[in-house]
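If you're matching positions, the sequence shown starts at 17 in my numbering and goes up one per residue.
Report on the following structure.
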Amino acid sequence: MTRIQINASRNYDVLLEKGILQSAGAQIRKALGLASDPLTGKIKGSKKICIVTDGRVNELYGQHDHPLYQSLRAEGFEVYKFVFLGGEETKTMGTIGQILDFLTEKGFTRSDLLLALGGGIVGDVTGFAASIYLRGIEFIQVPTTLLACVDSSVGGKTGVNLAAGKNLAGAFWQPSLVLFDPLVLKTLSYELLLDGIAETIKAGIIADRLIIETIMRKRNLDDLDFLTSLAGLAIEVKKKVVEEDEHDNGSRQLLNFGHTIAHGIEKLSNYSITHGHAVAIGMKIVSVASDRLGWTIEKCSEPIMDILQRFDFPLDCPYSSWELADAAMADKKRRGDNITIVIPVAIGKCRLKTIPVSSLEQFISYGVNN
Ligand SMILES: NC(=O)c1ccc[n+]([C@@H]2O[C@H](COP(=O)([O-])OP(=O)(O)OC[C@H]3O[C@@H](n4cnc5c(N)ncnc54)[C@H](O)[C@@H]3O)[C@@H](O)[C@H]2O)c1
Numbered sequence: 017m018t019r020i021q022i023n024a025s026r027n028y029d030v031l032l033e034k035g036i037l038q039s040a041g042a043q044i045r046k047a048l049g050l051a052s053d054p055l056t057g058k059i060k061g062s063k064k065i066c067i068v069t070d071g072r073v074n075e076l077y078g079q080h081d082h083p084l085y086q087s088l089r090a091e092g093f094e095v096y097k098f099v100f101l102g103g104e105e106t107k108t109m110g111t112i113g114q115i116l117d118f119l120t121e122k123g124f125t126r127s128d129l130l131l132a133l134g135g136g137i138v139g140d141v142t143g144f145a146a147s148i149y150l151r152g153i154e155f156i157q158v159p160t161t162l163l164a165c166v167d168s169s170v171g172g173k174t175g176v177n178l179a180a181g182k183n184l185a186g187a188f189w190q191p192s193l194v195l196f197d198p199l200v201l202k203t204l205s206y207e208l209l210l211d212g213i214a215e216t217i218k219a220g221i222i223a224d225r226l227i228i229e230t231i232m233r234k235r236n237l238d239d240l241d242f243l244t245s246l247a248g249l250a251i252e253v254k255k256k257v258v259e260e261d262e263h264d265n266g267s268r269q270l271l272n273f274g275h276t277i278a279h280g281i282e283k284l285s286n287y288s289i290t291h292g293h294a295v296a297i298g299m300k301i302v303s304v305a306s307d308r309l310g311w312t313i314e315k316c317s318e319p320i321m322d323i324l325q326r327f328d329f330p331l332d333c334p335y336s337s338w339e340l341a342d343a344a345m346a347d348k349k350r351r352g353d354n355i356t357i358v359i360p361v362a363i364g365k366c367r368l369k370t371i372p373v374s375s376l377e378q379f380i381s382y383g384v385n386n
């Protein structure tokens with residue numbers, strides 16, 4: 017088992033192991049320090065847990081006869097389930113309201129908890145609901161996409177989209193445990209695996225050249241052991257950045273490499289271009305622009321485009337620099353008349369650069385029109 021400890025406002029473990037969902041109940045009981053009744057072996061007293069998931073993941077991993085559900089019941093958890101449709105259109109305050117109403121209906125108290133079973137959308141929505149229900153209850157992340165494993169389930173950023181753009185409402189709220197079972201990747205489409213690969217490549221570009229070298233050496237996405245070790249490397253990058261700057265006032269912003277543009281692309285495409293694919297285009301645009309402006313120490317755009325092209329990421333941007341800059345106006349990275357962008361300096365090293373919002377379109381145009 018791979019165990020990575022995150023030391024933030026709440027300390028917790030990220031556990032990666034094939035088949036770990038079968039012992040999820042026991043892992044959660046241990047992480048929460050819950051005493052068991054010597055007679056029954058089950059949790060003392062009552063403890064409710066609500067699995068929050070989307071329709072697709074519910075079919076695959078949320079059923080009553082699935083080992084995850086069974087293991088929660090076996091430990092004595094009172095298990096409830098809230099299923100929503102999924103997709104960016106449902107990552108909304110409306111869904112949050114429905115979850116909160118469900119929890120009050122079922123009598124959830126401050127000592128009960130939520131379990132996010134799914135990709136980044138389920139994780140972000142569940143974490144946000146947990147952060148505000150009764151002013152905050154604990155939650156567990158059980159990521160089922162590679163993207164959620166390597167990125168969104170760790171670090172405590174939770175939230176929803178608003179009409180004006182992505183992730184504009186939310187809270188920092190750390191999970192109490194992250195459980196990743198690589199076997200769930202078997203049901204993930206190649207396109208969805210690629211979304212996770214894009215975030216893993218991002219982690220490599222911002223902080224760990226070894227990730228890029230590892231991916232280049234071995235690109236077999238059917239190999240679960242390879243994907244698990246890659247995920248471990250990417251989570252180590254996230255750990256470091258989150259521990260340095262949990263609330264995103266400084267170095268954590270490095271994780272946004274490619275994201276200002278990516279969020280614009282997602283919104284402009286009505287979310288038909290997925291997050292990871294949009295991040296790939298965003299990383300390409302920023303690296304080409306940074307090279308052309310002489311802001312990099314070593315040329316970065318060629319190796320970045322090379323690795324992305326090896327996975328056949330479509331890198332042509334269907335939007336103009338004006339459209340992208342306009343979409344970025346609602347971005348969280350904007351502070352007044354300035355916006356902070358993440359630029360690569362070398363492979364494995366990025367830095368923050370604050371530019372006036374008025375020059376963003378020109379910057380993007382250097383990357384789009386190459
Ligand atoms: N909080 C953070 O730090 C952070 C970081 C990166 C991304 N995000 C967010 O994550 C979201 C994207 O996450 P995502 O790509 O996981 O998308 P997602 O949650 O929509 O999942 C993608 C699709 O895969 C399906 N799915 C999930 N697991 C599956 C499995 N094992 N087998 C088959 N199908 C499965 C889902 O039902 C869904 O249709 C975006 O909203 C993005 O903003 C958040």
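Backbone N, C-alpha and C define an ideal beta-carbon position, used for all residues, glycine too.
The model shown is predicted, which means the values in this text are computed figures rather than measured ones.
{"Asked": "Roughly how many whole angstroms lie between the Cα atoms of Pro372 and Leu195?", "Found": "41 Å"}
{"Asked": "State the DSSP-derived secondary structure class of Arg126, mapped to helix, strand or coil.", "Found": "coil"}
{"Asked": "By how many angstroms is the C-alpha of Asp167 removed from the C-alpha of Ser39?", "Found": "23 Å"}
{"Asked": "Starting from Asp307, follow the alpha helix (DSSP H) in both directions and report where the run begins and ends.", "Found": "His291 to Arg308"}
{"Asked": "Restricting to Cα atoms, I'd like to know which of Ser267, Leu84 and Pro330 is closest to Tyr96.", "Found": "Leu84"}
{"Asked": "Verify the CB distance criterion: does Val95 have a CB-CB separation below 8 Å to chain D?", "Found": "Of the chains in the structure shown, none is chain D; there is only one protein chain."}
{"Asked": "Out of curiosity, what's the CA-to-CA distance linking Ile388 and Leu309?", "Found": "Coverage of the chain is limited to positions 17 through 386, which leaves residue 388 absent and any answer about it impossible."}
{"Asked": "Closer than 7 Å by C-beta to Phe188: which residues in its own chain qualify, once you throw out the five before and the five after it? Chain order, please.", "Found": "Gly172, Lys173, Glu262 and His263"}
{"Asked": "Am I right that Lys63 and Phe93 are in contact with their C-beta atoms under 8 Å? What's the rounded C-beta distance?", "Found": "6 Å"}
{"Asked": "Just mark Leu101 as buried or exposed, buried being the case when its beta carbon has 16 or more other beta carbons within 10 Å.", "Found": "exposed"}
{"Asked": "Measure the C-alpha to C-alpha separation of Arg126 and Ile153 and round it to an integer number of angstroms.", "Found": "6 Å"}
{"Asked": "Going by the CB atoms, is the gap between Ile251 and Ile20 shorter than 8 Å?", "Found": "yes"}
{"Asked": "Would you kindly work out how many angstroms separate the C-alpha atoms of Leu163 and Gly123, rounded to a whole number?", "Found": "33 Å"}
{"Asked": "Under the three-state reduction of DSSP, which class applies to Pro54: helix, strand or coil?", "Found": "coil"}
{"Asked": "Taking C-alpha atoms, which residue in Glu121, Ile297 and Asn265 lies nearest to Ile217?", "Found": "Ile297"}
{"Asked": "Our contact map puts Cys295 next to Ala214 with C-beta atoms below 8 Å; I'd like the distance itself, whole angstroms only.", "Found": "Residue identity check: residue 295 is Val in the sequence provided, not Cys. Contact flag correct, Cβ pair sits at about 5 Å."}
{"Asked": "Who are the near neighbours of Asn27 in its chain, counting only those whose CB is closer than 8 Å to its CB and skipping five residues on each side?", "Found": "Gln21"}
{"Asked": "Count the other CB atoms within 10 Å of the CB of Gly143; is the residue buried (16 or more) or exposed (fewer)?", "Found": "buried"}
{"Asked": "Specify the secondary structure class of Gln86 as computed by DSSP and reduced to three states.", "Found": "helix"}
{"Asked": "Ile221 and Ile67 look like a contact to me (Cβ under 8 Å); what is the Cβ gap, rounded to whole Å?", "Found": "Not really, about 35 Å apart at Cβ, beyond 8 Å."}
{"Asked": "So is the beta-carbon of Gly383 under 7 Å away from any non-hydrogen atom of ligand 1?", "Found": "no"}
{"Asked": "What residues in its chain sit with their C-beta under 6 Å from that of Pro319, if we drop five residues either side in the sequence?", "Found": "Ile363"}
{"Asked": "With three or more C-beta pairs closer than 8 Å as the rule, is the region 330-346 touching the region 273-289?", "Found": "yes"}
{"Asked": "Can you have a look at Gly110 and say buried or exposed, based on whether 16 or more other CB atoms are within 10 angstroms of its CB?", "Found": "exposed"}
{"Asked": "Is it the case that the CB of Val200 approaches a heavy atom of ligand 1 more closely than 7 Å?", "Found": "yes"}
{"Asked": "Give me the Cβ distance between Thr69 and Gly61, rounded to the nearest whole Å; I'm assuming they're in contact under 8 Å.", "Found": "About 26 Å; that fails the 8 Å criterion."}
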